[in-house]
Amino acid sequence: MSTQLVLDSSCWISWIDEYDHRSQLVDDVVASYDGALAVPAIVIFEVDRWMRRNAFPDDARRKTLVLMSNERVIPIDAQVAIHAGVVARSHRLATADALIAGAAHIAGCDLATFDRDFIGLPGVVILPNPAQSE
Numbered sequence: 080m081s082t083q084l085v086l087d088s089s090c091w092i093s094w095i096d097e098y099d100h101r102s103q104l105v106d107d108v109v110a111s112y113d114g115a116l117a118v119p120a121i122v123i124f125e126v127d128r129w130m131r132r133n134a135f136p137d138d139a140r141r142k143t144l145v146l147m148s149n150e151r152v153i154p155i156d157a158q159v160a161i162h163a164g165v166v167a168r169s170h171r172l173a174t175a176d177a178l179i180a181g182a183a184h185i186a187g188c189d190l191a192t193f194d195r196d197f198i199g200l201p202g203v204v205i206l207p208n209p210a211q212s213e
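Count along the sequence shown from 1, add 79, and you get the number used in the numbering used here.
Dropping the structure here:
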C-alpha cells in the first residue's frame with residue numbers, strides 16, 4: 080500500500096500504553112499500511128502532554144517522541160489550518176481533531192482513530208473501541 084497512515088492521538092496512546100487492550104488493533108492497522116506512518120505535529124503535542132500528565136518515565140517519553148519524530152512529521156501550516164476549519168464546521172469536530180483530520184487530508188494520508196466523531200470523513204479508518212457504546 081503506498082498511502083501513508085496517520086494515527087490520531089488515541090491510537091498512539093493505546094499503542095504505547097502497555098495496559099491498553101486496544102494496542103493490537105493499532106498494530107494490525109499499521110501493519111496493513113506496511114508501517115508507512117505520518118505524524119501531524121499536533122499529535123506529537125497531544126501524546127507528549129498525555130505522557131507528562133500520566134507521569135511516564137522521562138526515558139520512555141523521550142524514546143516515544145523520537146520514534147514519532149522519525150516518521151514524516153506533518154506541520155500545521157496555513158493550508159492545514161484552512162482545511163481544518165472546513166472539517167470542523169462540516170463535521171462539528173473539536174479544534175485538535177479538525178487539525179489532525181486536516182493534516183492527514185492535506186498530506187494525502189489515511190487516518191486511523193478510535194474516535195467515532197470522525198465517521199463520514201473520507202480516508203478515515205474507525206477502529207473498534209469496546210469502551211464506546213454503539
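A virtual CB, placed ideally from N, CA and C, is assigned to each residue, including glycine.
Computed from a predicted structure; not experimentally measured.
Count the other CB atoms within 10 Å of the CB of residue i; is the residue buried (16 or more) or exposed (fewer)?
i, result
"HIS184", "buried"
"GLU213", "Note that GLU213 has pLDDT 48, beneath the 50 cutoff, so the model's placement of it is unreliable and the number below is only indicative. Classification of GLU213: exposed, given that the 10 Å Cβ count is below 16."
"ALA163", "buried"
"ASP156", "exposed"
"ALA191", "buried"
Which one of the options has the shortest CA to CA distance from residue i?
i, options, result
"ILE121", "ALA191, CYS188 and ASP176", "ASP176"
"ASN149", "ASP87, ASP196, PRO119 and ALA167", "PRO119"
In terms of residue numbering, what span does the alpha helix (DSSP H) encompassing residue i cover?
i, result
"LEU116", "First-last for LEU116: 116-119, but that is the beta strand (DSSP E), not the alpha helix (DSSP H)."
"LEU144", "137-148"
"ALA157", "157-170"
"ALA110", "102-111"
Over the uninterrupted beta strand (DSSP E) stretch that includes residue i, give me the two end residues.
i, result
"ARG151", "151-153"
"ASP189", "189-192"
"LEU86", "84-86"
"ILE179", "From DSSP, ILE179 is part of no beta strand (DSSP E) but of the alpha helix (DSSP H) over 174-185."
"ILE205", "203-205"
Using 8 Å for Cβ pairs, my map puts residue i next to residue j. What's the rounded Cβ distance?
i, j, result
"LEU84", "VAL109", "7 Å"
message: Contact between the segment 123-130 and the segment 82-97 is defined here as three or more beta-carbon pairs at a separation below 8 Å; is this criterion met?
response: yes
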